[in-house]
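Number of protein chains: 2
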Amino acid sequence: MTEKIRETGERVTIRTVAEDAGVSTAAVSKVLRNAYGVSDTLRSKVLTSIEKLGYRPSTAARGMRGKTYSIGLLLTEMENAFLPKVVRGAKEVFGAANYQVMIGVGEAQASIEQSLIDSMMDMRMDGVLLVAPRLTGTVLAGYAAKTPLVVIGHHEPSAETFDTVNSDDVAGAREAVCALIASGYRDIHMTSLSQRRFDMPAGEGEVFTMRETGYLAAMQEAGLSDRARIWRLREREGCEGPPLTDLLKVGPRPEAVFCWSDIHALELINLAWSRGVRVPEDLAIVGYDDTPAAGMPIVGLSSVNQQGADLGRQAARAMLSRIEGRTTPEHILLEPALKTRRSSGS
Amino acid sequence: MTEKIRETGERVTIRTVAEDAGVSTAAVSKVLRNAYGVSDTLRSKVLTSIEKLGYRPSTAARGMRGKTYSIGLLLTEMENAFLPKVVRGAKEVFGAANYQVMIGVGEAQASIEQSLIDSMMDMRMDGVLLVAPRLTGTVLAGYAAKTPLVVIGHHEPSAETFDTVNSDDVAGAREAVCALIASGYRDIHMTSLSQRRFDMPAGEGEVFTMRETGYLAAMQEAGLSDRARIWRLREREGCEGPPLTDLLKVGPRPEAVFCWSDIHALELINLAWSRGVRVPEDLAIVGYDDTPAAGMPIVGLSSVNQQGADLGRQAARAMLSRIEGRTTPEHILLEPALKTRRSSGS
DNA sequence: CTGAAAGCGCTAACAC
DNA sequence: GTGTTAGCGCTTTCAG
Chain S
309 MTEKIRETGE RVTIRTVAED AGVSTAAVSK VLRNAYGVSD TLRSKVLTSI
359 EKLGYRPSTA ARGMRGKTYS IGLLLTEMEN AFLPKVVRGA KEVFGAANYQ
409 VMIGVGEAQA SIEQSLIDSM MDMRMDGVLL VAPRLTGTVL AGYAAKTPLV
459 VIGHHEPSAE TFDTVNSDDV AGAREAVCAL IASGYRDIHM TSLSQRRFDM
509 PAGEGEVFTM RETGYLAAMQ EAGLSDRARI WRLREREGCE GPPLTDLLKV
559 GPRPEAVFCW SDIHALELIN LAWSRGVRVP EDLAIVGYDD TPAAGMPIVG
609 LSSVNQQGAD LGRQAARAML SRIEGRTTPE HILLEPALKT RRSSGS
Chain Z
309 MTEKIRETGE RVTIRTVAED AGVSTAAVSK VLRNAYGVSD TLRSKVLTSI
359 EKLGYRPSTA ARGMRGKTYS IGLLLTEMEN AFLPKVVRGA KEVFGAANYQ
409 VMIGVGEAQA SIEQSLIDSM MDMRMDGVLL VAPRLTGTVL AGYAAKTPLV
459 VIGHHEPSAE TFDTVNSDDV AGAREAVCAL IASGYRDIHM TSLSQRRFDM
509 PAGEGEVFTM RETGYLAAMQ EAGLSDRARI WRLREREGCE GPPLTDLLKV
559 GPRPEAVFCW SDIHALELIN LAWSRGVRVP EDLAIVGYDD TPAAGMPIVG
609 LSSVNQQGAD LGRQAARAML SRIEGRTTPE HILLEPALKT RRSSGS
């Protein structure tokens with residue numbers, strides 16, 4: 309009876325394939341996973357049947373016993389134009405290793421990020437790759453105990469149970485500020501983010517914190533500590549911190565501004581343009597991330613490039629080796645490079 | 309023996325919960341799915357245990373019998389700045405209905421898109437939502453036979469087995485071109501895409517095709533058919549079609565250009581700026597999608613807004629009702645609206 | 001209203 | 001080398 313049914317439009321499973329090829333389901337499973345101990349004859353018989361029947365292994369079923377060959381990639385939000393490169397880099401190496409990448413978008417809220425990570429684990433994805441998560445080291449360690457975890461854009465150098473891949477944000481910020489100083493600017497401010505954001509306190513490892521450190525270091529080295537000022541701006545209406553517009557209208561304007569991200573820098577460059585503040589003559593600006601918009605000739609925004617694609621690639625490689633069994637943590641730091649354009653002067 | 313083990317750090321399953329609550333696994337399952345026929349006492353007992361044990365249902369296991377409460381969202385590529393709004397809109401309604409959204413990125417290649425859709429089905433996701441896929445109607449129908457399918461940004465009005473949600477691209481293009489005509493421009497060209505792209509022939513339903521129709525209609529209505537010209541540009545090096553730079557240097561320059569997408573429009577506006585071609589005095593430009601960059605004051609690009617968030621929301625609603633059992637197709641068309649800025653003149 | 005039991009499609013021992 | 005078999009964690013009849 310069951311036999312009869314199978315002949316019609318029934319779903320083709322590993323059993324259908326096994327019957328068709330005249331072998332056991334175990335044999336099929338082995339071929340599927342390139343497992344050790346299958347003769348070429350058997351393999352080709354199975355492969356033929358798979359092809360013929362259009363068989364596809366059920367990831368759901370796989371997830372119950374073995375691996376799913378899929379990894380979850382968590383993005384904090386989609387708006388940041390810096391992310392596509394990271395994703396592309398990661399997909400490149402995951403794809404080559406035959407892993408599918410499924411992306412979750414966190415809407416910049418820790419609670420959503422967590423629920424997404426949980427879901428990825430519920431789906432039995434083989435690993436989770438986080439990009440600039442708004443989570444604390446403790447929370448991250450919690451997840452790392454349950455699944456291979458790699459984090460991009462969040463400094464946690466002492467983490468023992470997961471890997472981190474970062475651009476050297478301190479160095480990047482320092483380079484940007486040094487360039488401004490070298491161009492003759494002295495009153496250099498910085499824009500950053502308000503420490504307390506959404507539903508979580510800002511972690512130590514957040515990139516903007518590191519960039520603040522780099523900024524302050526550069527100012528100090530140049531003996532400009534007393535002129536240093538960090539504007540910790542709010543991210544949205546209702547959040548803590550002043551709006552960006554304050555920077556242009558309150559008190560004496562700085563000569564130059566180093567923005568923690570192109571998000572701020574682009575906003576600022578437009579604000580300046582709208583108010584007739586000339587860039588860089590009246591106000592020099594340097595951003596971070598070297599987003600596509602920064603590179604538009606009409607914008608000409610100097611910005612620190614942190615090689616997004618490389619971050620993605622390295623993280624994917626780390627993930628792969630972790631899935632293979634590595635347990636010693638890896639903390640990779642890439643060198644950023646300032647891309648100079650009009651906005652930062654000569 | 310098994311009992312003992314369970315007390316330690318064993319994975320908590322539906323069985324653990326059942327034991328803890330002193331009920332059957334079936335009861336737990338029903339509570340989980342809000343199924344019919346559970347007393348309030350039983351429900352609260354179960355809920356308490358779930359909470360206490362931190363139980364999370366395995367999506368993988370669920371996928372083998374029932375639904376996974378997850379839907380796959382396929383993006384053609386990540387670079388397009390128009391997509392975040394669509395995703396946000398879709399997530400908004402899916403989230404409210406307690407569905408997780410997992411995103412796949414297609415890298416603008418039909419073969420990758422297909423493999424991603426297959427993976428989503430392998431994972432037993434409850435439905436697949438495609439955004440601007442580079443697939444033909446036939447291929448789409450093939451998938452629709454196997455899973456609930458909704459498509460955004462691909463016109464397939466006669467599809468019987470899946471839903472489509474689109475902006476009225478013909479109307480949007482017409483509005484853009486009419487605005488240019490109303491401003492006094494006559495030599496109005498359009499940029500579009502080369503028909504044959506990557507690994508698939510361009511489908512009839514592609515949005516740029518519809519926009520070409522709208523452009524030609526507007527030109528004809530104004531008696532300007534003989535001045536109409538469509539530049540079908542290549543997407544990358546090596547593809548078919550001329551590069552955008554040709555538009556500025558070959559033959560007499562048009563007075564205005566309607567670009568099928570902001571991607572072209574932004575490139576063009578920058579090209580013009582770099583070469584000292586004034587916008588809009590020497591060349592008026594209108595784009596499509598009203599991306600964030602178009603709205604930057606410094607750019608000031610007029611562009612057709614197609615309400616991305618609404619597209620996402622409507623598509624998600626369609627998906628939900630389809631998952632609930634609807635089989636009659638829905639083809640939704642939203643009205644776009646031109647956002648006028650400096651680039652299109654008075 | 002509640003529970004027992006039969007799988008869903010696969011993998012991983014373990015036999016042969 | 002290859003086949004047998006026992007589950008993975010859930011949903012879903014079907015009895016009680």
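Those sequence lines, one after another, are chains S and Z. All residue numbers for the first sequence refer to our numbering, where the first residue is 309 and numbers rise by one. All residue numbers for the second sequence refer to our numbering, where the first residue is 309 and numbers rise by one. Backbone N, C-alpha and C fix where the C-beta goes; we use that ideal spot for every residue, glycine too. Since we're looking at a predicted model, the values are computed, not measured.
Length of the line joining the Cα atoms of residue i and residue j
| i | j | result |
| --- | --- | --- |
| R396 of chain S | M627 of chain S | 15 Å |
| A712 of chain Z | I425 of chain Z | There is simply no residue 712 of chain Z to check, as chain Z begins at 309 and stops at 654 in what is shown. |
| E543 of chain S | L501 of chain S | 7 Å |
| V607 of chain S | N613 of chain Z | 22 Å |
| R442 of chain S | V325 of chain S | 46 Å |
| D534 of chain Z | L524 of chain Z | 10 Å |
| V409 of chain S | A623 of chain Z | 23 Å |
| D477 of chain S | L646 of chain Z | 41 Å |
| R625 of chain Z | E385 of chain Z | 23 Å |
| Y493 of chain Z | D598 of chain Z | 21 Å |
| R432 of chain Z | S337 of chain Z | 19 Å |
| E545 of chain Z | A335 of chain S | 45 Å |
| P637 of chain Z | W581 of chain Z | 47 Å |
| F506 of chain S | E415 of chain S | Interpretation of F506 of chain S is limited by its pLDDT of 48, a score under 50 that renders its predicted location unreliable; the figure taken from the coordinates is listed afterwards. Spanning the two alpha carbons is a distance of roughly 11 Å. |
| E575 of chain Z | A484 of chain S | 27 Å |
| L609 of chain Z | K557 of chain Z | 21 Å |
| E315 of chain S | P644 of chain S | Only weak support is given to the placement of E315 of chain S: the predicted model assigns it a pLDDT of 44, under 50, and the value that follows is read from those uncertain coordinates. For E315 of chain S and P644 of chain S, the distance between alpha carbons rounds to 60 Å. |
| D434 of chain S | V320 of chain Z | 19 Å |
Burial state of residue i, where buried means 16 or more other Cβ atoms lie within 10 Å
| i | result |
| --- | --- |
| K360 of chain Z | exposed |
| K353 of chain S | buried |
| P456 of chain S | buried |
| A404 of chain Z | exposed |
| N406 of chain S | exposed |
| R583 of chain Z | exposed |
| E318 of chain Z | exposed |
| N342 of chain S | exposed |
| K393 of chain Z | buried |
| A453 of chain S | exposed |
| T553 of chain Z | exposed |
| S419 of chain S | exposed |
| Q528 of chain S | exposed |
| D348 of chain Z | exposed |
| R738 of chain Z | With chain Z represented from 309 up to 654, any question about residue 738 of chain Z goes unanswered, as that position is not in the structure. |
| G480 of chain Z | buried |
Within 8 Å, strictly: CB atoms of residue i and residue j
| i | j | result |
| --- | --- | --- |
| G633 of chain S | S611 of chain S | no |
| A573 of chain Z | L591 of chain Z | no |
| W568 of chain Z | R537 of chain Z | no |
| V413 of chain Z | L437 of chain Z | no |
| T648 of chain S | A490 of chain S | no |
| A398 of chain Z | S357 of chain Z | no |
| L383 of chain Z | S475 of chain Z | no |
| S651 of chain S | I577 of chain S | yes |
Same chain only: Cβ atoms within 7 Å of residue i, ignoring 5 sequence neighbours per side
| i | result |
| --- | --- |
| R586 of chain S | none |
| E464 of chain Z | G445, L448, T472, G513 |
| V346 of chain S | A335, K338, V339 |
| F390 of chain S | D597, T599, G616 |
| M428 of chain S | G380, G412, V436 |
| K375 of chain Z | D434 |
Cβ neighbours of residue i in the same chain (closer than 6 Å, five flanking residues each side left out)
| i | result |
| --- | --- |
| G461 of chain S | V439, A440, V515 |
| M498 of chain Z | Y523, I538, F566 |
| R323 of chain S | T333 |
| H639 of chain S | P465, T472 |
| D495 of chain Z | R535, P562, E563 |
| A526 of chain Z | R482, V485, C486 |
| A530 of chain Z | I489 |
Sequence-distant residues of its chain with Cβ nearer than 8 Å to residue i (five each side left out)
| i | result |
| --- | --- |
| R621 of chain S | G397, A398, E400, V401 |
Chain Z contacts from the segment 407-421 of chain S (Cβ-Cβ distance under 7 Å): For the segment 407-421 of chain S, the residues whose beta carbon sits under 7 Å from a beta carbon of chain Z are, in order, Q408, M410, I411, G412, V413.
Short-range partners of chain Z found in the segment 346-368 of chain S, where Cβ spacing is below 8 Å: Taking 8 Å as the Cβ-Cβ cut-off against chain Z, the residues of the segment 346-368 of chain S that qualify are R364, P365, S366, T367, A368.
Contact residues within the segment 594-611 of chain Z, judged by C-beta distance below 7 Å to chain S: A601, M604, P605, I606, V607
Members of the segment 387-401 of chain S that neighbour chain Z once the beta carbon cut-off is set at 8 Å: E387, A389, L391, P392, V395, R396, K399
Proximal residues, the segment 517-540 of chain Z versus chain S, C-beta separation under 7 Å: The segment 517-540 of chain Z vs chain S, Cβ under 7 Å: nothing.
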